[in-house]
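Contents: one structure, followed by commentary.
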Amino acid sequence: MTAIAATPARSVRMPNLAAWLGVAPFFLFAMMFLIVPTVSLLIGAFQNHDGAFTFDNILRLWQPSIRLSYLLSIEVSVASAFFGALIGLALALAVLRGGLPEWLRPTLMTFSGVASNFAGVPLAFAFMATLGRLGFVTILLKSVGVDLYSAGFNLFTFTGLTLTYLYFQIPLMVLVVTPAIDGIKGEWSEAAEILGANRIQFWRMVVLPILWPSILGASLLLFANAFGAIATAYALTGSFLNIVPILLYAQIRGDVLHDPNLGYALALGMLVITGVSNLAYLYLRARSDRWLR
Amino acid sequence: MKSGKLGAWLAVAVGVAYFLAPLIATFEFSLRMRRGEYSFDAYRVVFASGAFQASFLYSTVLAVVTIFVGILIVVPTAYWVQLRLPRLRGIVEFITLLPLVIPAIVLVFGYIKLYGSSSILPLTATSLGADALLMFGYVGLGLPYMYRSVETALRSIDVRTLTEAAESQGAGIFTILFRIILPNIRSGILSGAFLTFAIVIGEFTFASLLDRPAFGPYLQLIGASRAYEPSALAIMAFALTWACMGLIQLFGGGPRTFTGKR
Amino acid sequence: MSFLNLTGIQKAYGPNKVVKDFDLSVERGEFVTFLGPSGCGKTTTLRMIAGFETPTEGSIRINDKDVTHLRANRRAIGMVFQAYALFPNMTVAQNIGFGLKVAGKPAAELQARVEEMLAMIKLPQLADRYPYQLSGGQQQRVSLARALAPSPQILLLDEPLSALDARIRVSLREEIRALQRKLGITTIFVTHDQEEALSMSDRIVVMNDGAIEQVGSPSEIYNEPSTRFVASFVGTLNLIDGKIVDASVGAVDIDGQRATTRRKLNGAKPGDVLAMALRPEALRLGAGSDDRNTLAGVIEDVAFLGAVVRVRVRLERAAIIVDTFNSGANDLPTRGASVAVNFGRDDLIPLHAH
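Residue numbers (the working numbering), protein chains in the order written: chain A, 419 to 711; chain B, -14 to 247; chain C, 0 to 353.
Right under this line is the structure:
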């Protein structure tokens, strides 16, 4: 009998204990710096000063100033998600299926990768330099007779913030929706054609129905993305636009609500909204993946 | 389909205009520091500024530590899950999605509550503690991308065979991980590293609320008090992001997206 | 006037000619197969008939109408693709009804036709399933039903069985042929699999490098290959060199041994060396009668393939393969033994180089 033994499926020298020890740091990290802090906030949202259980904080989220804050956040998020999705989709479709030169695709993808990460304080600066009172484009338009600010436009408002948010929302849409568009197989277009359909019928009956879960899901992702964003808003509109993250920031910094538990409830509200949107996005993505297998 | 192509070109034209305008505007503005002529004075002032150097250095060092810790946490986990604990894959992936779902401001709020001065583990009370907290927060922010990069890279090599071959040569687990697995997933690690770097450098929310002297808060401060330097900084930030993305492309894989410093 | 006419078809991409001098007439109801290796131009020609490519030169006529420059969606042609190409967002019933819906047919008529098609492919129970829930074979049958539902004048099939398991391939090709016969629809089938081509077609067009090598019925292609390519592509083949001795009586010298062929040796002069084909199954071991050819050789190798025993016999320079039926007797021919091989005078086929 030779000394060659068959290698067992489980190596005897490394029992599963080593594996469990190996993943322990990850779970410890997750607990300490992801799960427990968040859960602690959620618990705090249901507590009052003395630590007793209460729904009070949640109910007090309904007060006018906070309610307005949520409404404003939702409006900004919906606006930037809607236009971001629309323009991003148009751009992606144009470059991927519009019959344009091949080199546009990698250019768009790379630029989208960069632009979707170019957010926060620098982005605010950039837009101030572009559309501020003395901004490049403002002055350019004034020279051809279009006075933005006289017409009522102001960068440091809802409209300005939405416009600024589009800078990372549009690229995000492009990146998220591209795999779905790529999934539209060339054979489908030929099959539709040979069966008598023209381009419009193909798009209406095949492409759009296939894409809509991805489009909707991506829009939800954009919504959640905008809802949780703070750095850009802080740098651009400061506390002028009292969106929820700004409110929360002020609360954390200086307890403007004079009630820490209310702050926790505020955070809970944010988490619920972004959580539900993201879950919906993941569900829709899974569904469209199934079709495009 | 002539009209289709025209529409496509129109969409691209609008896109290009919208995306290039702020870059051109900012760059142009950043050159206007010296009255009457274009110059790079704004950039010079920024680079010479002590505050800039200090905060940029702080963020850079923090980024490096974050990357290091991130690798230490992610690589063994991805390795063991793939090799021995496949059932854990679902929960691990769920955890890596958490930083994308939980807004940064909510997460840092949780840190302050849990590790604030009046809690059992008052990390925020000391400077070093707060630095550590910030670092762990950044590890969390970069986790989705680091994990996905490493996991993809691991899947492209035959982990099982490599491990068994090394074992049969008498290698222990640390040798296997650091001298055999790690070198083979270099591209995945580098991708994750550059993304983490890009996230950390410009991050504002965590740094500001934990009161650390990082680059993000510095940017915000400059914007509030100076005129031309913010534009120069914005261009530099854009160039830096572009460089990071370029380096990631170089090491394989397409553009990634993250929600770190919104 | 035949139903489908391709005249002088050429297709070039820049300097690259992928289809050259393609002429073909197809009768109504005929099942014609384009057979050839990858890159021979068979799919390109099919796509020109469909309308997805336009010929650089030449014309295509269907039912006496010139369709060469007609858009694909106006040709009333049905097509089955290799990758099924079923629309993933529609049920089986909706897929099948797509062509009729696009044409604006009323709902009742559409419904009836879809049911008819489902019955025809024997899958009525799958009407409300989605493509991702079906097996490959089922998807391909649905694809066939979808192509036939609008009652097209021609049916095109582009390697429809290549993506399927071997077992399903055989049953599905019988089904396709049976369906085609029942409907009497003119059909063009593209494949690289010679067994498919031989078993399904009325006629086969063998293609190589963009040009037609031979057009004929399956038995013509197999038994009377006109070129070396056709002979070697369809079935296994012995290719040997024969030196002409006397063309008028068909006397040929093979490796120093005399043989006679009854086939034409047009214009060949004594001393010319021609490539000749011998089918392995036409050869028999042992000495033959006087009106057959007999060659002497040595057994080099014996391979037991189940139903067939494949014997390689070495002549002086050439080796020929003899396929004999497994007789059930346990004694196989022995290696190294001297043996005679005999074959009929019609079995020695001279080939023309192409």
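Note that the Cβ used here is the ideal one computed from N, Cα and C, for glycine as well.
All values derive from a computational prediction rather than experimental measurement.
task: Compute the beta-carbon to beta-carbon distance between L666 (chain A) and F94 (chain B), rounded to the nearest angstrom, for a pair I have assumed lies under 8 angstroms.
output: 7 angstroms
- prompt: For N696 (chain A), which residues from the same chain have a beta carbon less than 8 angstroms from its beta carbon, with the 5 sequence-adjacent residues on both sides left out?
  reply: L638, L639 and A642
- request: Assuming W709 (chain A) contacts N88 (chain C) (C-beta within less than 8 angstroms), just tell me the rounded distance between them.
  value: 6 angstroms
- prompt: Unbroken alpha helix (DSSP H) runs of length 4 or more, entirely within the segment 568 to 656 of chain A: which are they?
  reply: 576 to 600, 604 to 612, 617 to 620, 626 to 646 and 649 to 654
task: With distances taken Cα to Cα, identify the nearest neighbour of L634 (chain A) among A:Y652, A:A698, A:M527 and A:G440.
output: A:A698
query: If you measure beta-carbon to beta-carbon, which residues of the segment 66 to 81 of chain B are closer than 8 angstroms to chain A?
result: V66, L68, R69, L70, L73, V77 and I80
- prompt: Buried or exposed: R73 (chain C), going by 16 or more other Cβ atoms within 10 Å of its Cβ?
  reply: exposed
message: Counting only beta-carbon separations shorter than 8 angstroms, does R112 (chain C) have a partner in chain A?
response: no
task: Indicate whether D254 (chain C) and V244 (chain C) have their beta-carbon atoms separated by less than 8 angstroms.
output: no
- request: Report yes if the C-beta distance between L347 (chain C) and A258 (chain C) is below 8 angstroms; otherwise report no.
  value: yes
Burial state of Q139 (chain C), where buried means 16 or more other Cβ atoms lie within 10 Å: buried
query: Is the segment 540 to 552 of chain A in contact with the segment 580 to 587 of chain A, if contact means three or more CB pairs nearer than 8 angstroms?
result: yes
task: Kindly say whether V513 (chain A), judged by its beta-carbon, lies nearer than 8 angstroms to any beta-carbon of chain B.
output: yes
message: Using DSSP's beta-bridge definition, name the partner residues of Y12 (chain C).
response: C:N15
- request: Quick one: grab the DSSP three-state call for A421 (chain A).
  value: The predicted position of A421 (chain A) is uncertain, since its pLDDT is 47 and thus under 50; a value taken from the coordinates is nonetheless stated next. A421 (chain A) falls in the coil class under three-state DSSP.
- request: Check whether the Cβ of R176 (chain C) sits closer than 7 angstroms to any heavy atom of the ligand ZN, and report yes or no.
  value: The model on display carries no ligand, and the ligand ZN is accordingly not part of it.
field: Proximity test, Cβ basis, 8 angstroms: Y130 (chain B) and chain A
entry: no
query: Considering Q38 (chain B), what are the terminal residues of the alpha helix (DSSP H) in which it resides?
result: G35 to L68
task: Would you mind sorting G285 (chain C) into buried or exposed? The rule is 16 or more other CB atoms within 10 Å of its CB.
output: exposed
query: Which word fits A685 (chain A), buried or exposed, when buried means at least 16 other C-beta atoms lie within 10 angstroms of its C-beta?
result: buried
Between the CA atoms of L511 (chain A) and L590 (chain A) - distance to the nearest angstrom: 14 angstroms
Segment contact, 8 angstroms Cβ cut-off, at least three pairs: the segment 534 to 541 of chain A with the segment 621 to 630 of chain A: no
- request: Less than 8 angstroms between the CB atoms is what I'm expecting for M688 (chain A) and P88 (chain B), so what's the real figure, rounded?
  value: 6 angstroms
query: According to the Cβ coordinates, are R69 (chain B) and A437 (chain A) closer than 8 angstroms?
result: yes
query: Taking 8 angstroms as the CB-CB limit, is A39 (chain B) close to chain A?
result: no
query: If we call anything under 8 angstroms between Cβ atoms a contact, is R309 (chain C) one with I320 (chain C)?
result: yes
task: Check the Cβ-Cβ distances between G98 (chain C) and every residue of chain A, and say whether any is below 8 angstroms.
output: yes
- prompt: Can you list the residues of chain B that F501 (chain A) reaches, using a CB-CB cut of under 7 angstroms?
  reply: Neighbours of F501 (chain A) on chain B: none; closest Cβ ~11 angstroms, over 7 angstroms.
Length of the line joining the Cα atoms of A704 (chain A) and S326 (chain C): 59 angstroms
Cut-off 6 angstroms between Cβ atoms - residues of its own chain near A75 (chain C), not counting five sequence neighbours on either side: P151 and Q152
field: Coil, strand or helix - I186 (chain B) by DSSP
entry: helix
Segment contact flag, the segment 177 to 196 of chain C with the segment 8 to 28 of chain C, C-beta cutoff 8 angstroms, min 3 pairs: yes
task: Leaving out five residues on either side along the sequence, give the residues of the same chain with a beta carbon under 7 angstroms from the beta carbon of E280 (chain C).
output: D322
query: Which residue from B:T181, B:S210, B:R29 and B:A222 puts its Cα closest to that of G201 (chain B)?
result: B:A222
field: Paired residues, beta bridge with D65 (chain C) - DSSP
entry: C:R60
query: If the cut is a Cβ gap below 8 angstroms, which residues of chain C does K603 (chain A) touch?
result: A82 and A84
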